[in-house]
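Shown next, in structure tokens, is the structure this report addresses.
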Amino acid sequence: MFEIENLQVSYGQSQVIHGLNFKANKNETLAIMGRNGMGKTTLFKSLMGILPSKASKATVDGVDLQGAATHDRVMKGLAYVPQGRWIFPNMTVQENIETGLEKSATGEIPEDIFALFPVLHEMRKRKGGNLSGGQQQQLAIARALVTNPKVLLLDEPTEGIQPSIIKDIAKVLNEIRKMREITIIVSEQVLSFTMEVADRIIVIDKGRFIHEDTRDNVDAAKVKSYLSV
Amino acid sequence: MFGYSMAEIGNIVVMQGFSGLSMFTVLLLMALGLAIIFGQMGVINMAHGEFMTIGAYTTVMISKVAASYGFTDYYFIFAIIIAFGLAFAVGYLVEFAIIRHLYKRPLDTLLATWGLSLVMQQIFRSTFGAKEVSAELPEWMLGSVNPTPDIDIPINGLFVMGLAALVTFGVYMFMYKSRWGLRVRATVQNRTMAGAVGINTAKVDRVTFALGCGIAGIAGAAFTTIASTGPTTGTLYIVDSFMVVVFGGAASIVGTIASAFGIAQAQSVLQFFMTSSMGKVSTLLAIVTILMMKPEGLFASKLRK
Numbered sequence: 016m017f018e019i020e021n022l023q024v025s026y027g028q029s030q031v032i033h034g035l036n037f038k039a040n041k042n043e044t045l046a047i048m049g050r051n052g053m054g055k056t057t058l059f060k061s062l063m064g065i066l067p068s069k070a071s072k073a074t075v076d077g078v079d080l081q082g083a084a085t086h087d088r089v090m091k092g093l094a095y096v097p098q099g100r101w102i103f104p105n106m107t108v109q110e111n112i113e114t115g116l117e118k119s120a121t122g123e124i125p126e127d128i129f130a131l132f133p134v135l136h137e138m139r140k141r142k143g144g145n146l147s148g149g150q151q152q153q154l155a156i157a158r159a160l161v162t163n164p165k166v167l168l169l170d171e172p173t174e175g176i177q178p179s180i181i182k183d184i185a186k187v188l189n190e191i192r193k194m195r196e197i198t199i200i201v202s203e204q205v206l207s208f209t210m211e212v213a214d215r216i217i218v219i220d221k222g223r224f225i226h227e228d229t230r231d232n233v234d235a236a237k238v239k240s241y242l243s244v
Numbered sequence: 034m035f036g037y038s039m040a041e042i043g044n045i046v047v048m049q050g051f052s053g054l055s056m057f058t059v060l061l062l063m064a065l066g067l068a069i070i071f072g073q074m075g076v077i078n079m080a081h082g083e084f085m086t087i088g089a090y091t092t093v094m095i096s097k098v099a100a101s102y103g104f105t106d107y108y109f110i111f112a113i114i115i116a117f118g119l120a121f122a123v124g125y126l127v128e129f130a131i132i133r134h135l136y137k138r139p140l141d142t143l144l145a146t147w148g149l150s151l152v153m154q155q156i157f158r159s160t161f162g163a164k165e166v167s168a169e170l171p172e173w174m175l176g177s178v179n180p181t182p183d184i185d186i187p188i189n190g191l192f193v194m195g196l197a198a199l200v201t202f203g204v205y206m207f208m209y210k211s212r213w214g215l216r217v218r219a220t221v222q223n224r225t226m227a228g229a230v231g232i233n234t235a236k237v238d239r240v241t242f243a244l245g246c247g248i249a250g251i252a253g254a255a256f257t258t259i260a261s262t263g264p265t266t267g268t269l270y271i272v273d274s275f276m277v278v279v280f281g282g283a284a285s286i287v288g289t290i291a292s293a294f295g296i297a298q299a300q301s302v303l304q305f306f307m308t309s310s311m312g313k314v315s316t317l318l319a320i321v322t323i324l325m326m327k328p329e330g331l332f333a334s335k336l337r338k
């Protein structure tokens, strides 16, 4: 289980995340929804230790994350697919995936990765910077998955991706959850995508959680009202 | 032409070409270390030449000890390894003590490493004296090869060339075929993301900087075979080395090789037909002109933005 209590993040004197609390279970997908600038990326970056934060509790399966550097958090079970994907542009697809093998005893890419993303196998010798946006997103997810995470954080995975590929990404996320039984936390602005992958939806507004629904009982109109500009 | 017969011109081209190759190998060894530190990490290390001097003094000292025990024929290989190890160790400490605090402040890095270079020069002067010292070269490294009666190719030059080829191959294997190389390249391309896939970027920085310094140490060992060593020896090569790395395309090893070759050959040939300083000025003008047209250097990679 991934547990966060009273998470606070500030940029200098300005507090931008105000005491967030959530728990996400194994084999659960949680969506954090909100407009641009509401704190989704800041939340994810602070969870990864990229931005400094304070919390009463931050644990993965009881293992404390507080004070840990970003690479230590990966060792403790967090994986991150950032907004904009951040693939390594001058490395081949295969090398990009191999960067995530720091914990691996064999140093080999697990076979299920290329089964999930056959296009990456076809393009494994191509430079990451030469892939399309959708292919780069698949690569970023594959690179996160080879770290063998307990919690996978995806920051706006549909941003800049064409609709047909968005459906593929939703399918892949559901497959990953089935195969790996991990916790997935995804930040999004697209409700249709969220409805395909998430069990629970939390809306964030100005750094505070203001609304929560399960997928089965979602008040779509209300959630959309928080997303519209 | 220039008052020479065609045969003489031919010999001059071969001899100056070889002289250019000797300059190329030392420049390449210096620039490879710098290509890692400046090209890959973005650290402007003005003390890079002093790491070369560490390697040179280490080799000179070992050669003196070896000469006193009668091992002059065998010491050089050990001297290269120790020169690398010592420069690596000092580089590791410098990164830990100074450089890691300045990664986001390139101008401060420039000032700090320039200060460090002055401190190191004074340490060399206090320890080894202001006079230049030379290594006792092994017997097998002396003499020359004569493919024709008019062409004289020194064996030490050939040795340095072989060493440069070996080090270049080693750097290539390290950067592109090893797990450490993958970590370095990931950290260079996106430090935050490298951390987010589990790479300890602070450790990578330390080892990368130290490796670049270690290679400068090897350059220093090679340098002792072609010239004598003084406290300011490193400063002779620092400007040329930066020029090589920038001209080649900062993050490209192939670019560094091509650039070192081009600059060394141009300087060597031009210095024969002009004065030494005019040869340097002409080369620099050509580089500035090319960089104005291609600011990212000769071998920048083309990627989808």
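Just so you know, the sequences run in chain order A and B. Numbering (this note's numbering) for the first sequence: 16 to 244. Numbering (this note's numbering) for the second sequence: 34 to 338. All C-beta atoms, glycine included, are put in the ideal place defined by N, C-alpha and C. Since the model is a prediction, treat every value here as computed from it, not as a measurement.
In whole angstroms, what separates the C-alpha of phenylalanine 332 of chain B from that of glycine 75 of chain B?
Distance between the alpha carbons of phenylalanine 332 of chain B and glycine 75 of chain B: 17 Å.
For threonine 257 of chain B versus valine 93 of chain B, is the C-beta distance shorter than 7 Å?
Yes, the pair counts as a contact, with Cβ atoms nearer than the cut-off.
Relative to the C-alpha of leucine 154 of chain A, which residue among A:Glu113, A:Ala120, A:Met194, A:Gly122 is closest?
The candidate whose alpha carbon is nearest that of leucine 154 of chain A is A:Glu113.
Evaluate contact between the region 52–69 of chain A and the region 212–225 of chain A, counting only Cβ atoms and requiring at least three cross-stretch pairs below 8 Å.
At 8 Å Cβ cutoff, the stretches touch.
Measuring only the C-alpha atoms, how far is lysine 338 of chain B from threonine 107 of chain A?
In this predicted model, lysine 338 of chain B has a pLDDT of only 39, less than 50, meaning its place in the structure is not dependable enough to derive any value.
Keeping to the same chain, check which residues put their C-beta closer than 7 Å to that of glutamate 18 of chain A; ignore five residues upstream and five downstream.
The residues are Lys38, Lys72, Thr74.
Taking the C-alpha atoms as reference points, what is the distance between serine 301 of chain B and leucine 116 of chain A?
Those two C-alpha atoms are separated by around 47 Å.
Between the beta-carbon of proline 141 of chain B and the beta-carbon of leucine 149 of chain B, is there less than 7 Å?
The question names proline, but residue 141 of chain B is aspartate in the sequence shown. Result no, Cβ atoms of aspartate 141 of chain B and leucine 149 of chain B do not sit closer than 7 Å.
With a threshold of 7 Å between beta carbons, is glycine 228 of chain B in contact with chain A?
Yes, contact with chain A.
Kindly indicate which three-state DSSP category arginine 100 of chain A falls into: helix, strand or coil?
Coil at arginine 100 of chain A, not helix or strand.
At 4 residues or longer, what runs of the alpha helix (DSSP H) sit wholly inside the region 65–139 of chain A?
You should have 85–90, 108–113, 126–131, 133–137.
Going by C-alpha distance, which of B:Ile320, B:Glu169, B:Gly281 is nearest alanine 255 of chain B?
When each option's Cα is compared against that of alanine 255 of chain B, the closest is B:Glu169.
If you check the beta carbons only, do tyrosine 245 of chain A and methionine 48 of chain A fall under 7 Å apart?
The requested residue 245 of chain A is not part of the displayed model; chain A covers only 16 to 244.
Using a Cβ-Cβ cut-off of less than 8 Å, give me the residues of the region 200–225 of chain B that come near chain A, in sequence order.
Answer set for the region 200–225 of chain B: Arg212, Leu215, Arg216, Arg218, Ala219, Gln222, Asn223, Thr225.
Could you tell me which whole alpha helix (DSSP H) segments of length 4 or greater appear in the region 45–113 of chain B?
For the region 45–113 of chain B, whole alpha helix (DSSP H) runs of length 4 or above, ordered along the chain, are 81–102.
How close, in whole Å, do the beta carbons of isoleucine 251 of chain B and valine 200 of chain B come, if the pair is a contact with beta carbons under 8 Å?
So it is a contact: roughly 6 Å between Cβ atoms.
Can you pull the chain A residues whose beta carbon is under 7 Å from the beta carbon of glycine 72 of chain B, in chain order?
Within chain A, no residue comes near glycine 72 of chain B; the closest Cβ sits about 12 Å away, beyond 7 Å.
For glycine 231 of chain B, would you say it is in contact with chain A, using Cβ-to-Cβ distances shorter than 7 Å as the test?
At least one chain A Cβ lies under 7 Å of glycine 231 of chain B.
Going along chain B, which residues have a C-beta under 9 Å from proline 172 of chain A?
Neighbours of proline 172 of chain A on chain B: none; closest Cβ ~15 Å, over 9 Å.
May I ask which residues mark the beginning and end of the beta strand (DSSP E) holding phenylalanine 17 of chain A?
Start and end: 17–26.
When you compare each of B:Ile320, B:Val59, B:Arg138, B:Phe306 to glycine 195 of chain B by their alpha carbons, which one comes out closest?
Cα-wise, what sits closest to glycine 195 of chain B is B:Val59.
Which partner residues does methionine 174 of chain B have in the DSSP bridge list?
According to DSSP, which records beta bridges pairwise, methionine 174 of chain B is partnered with nothing at all.
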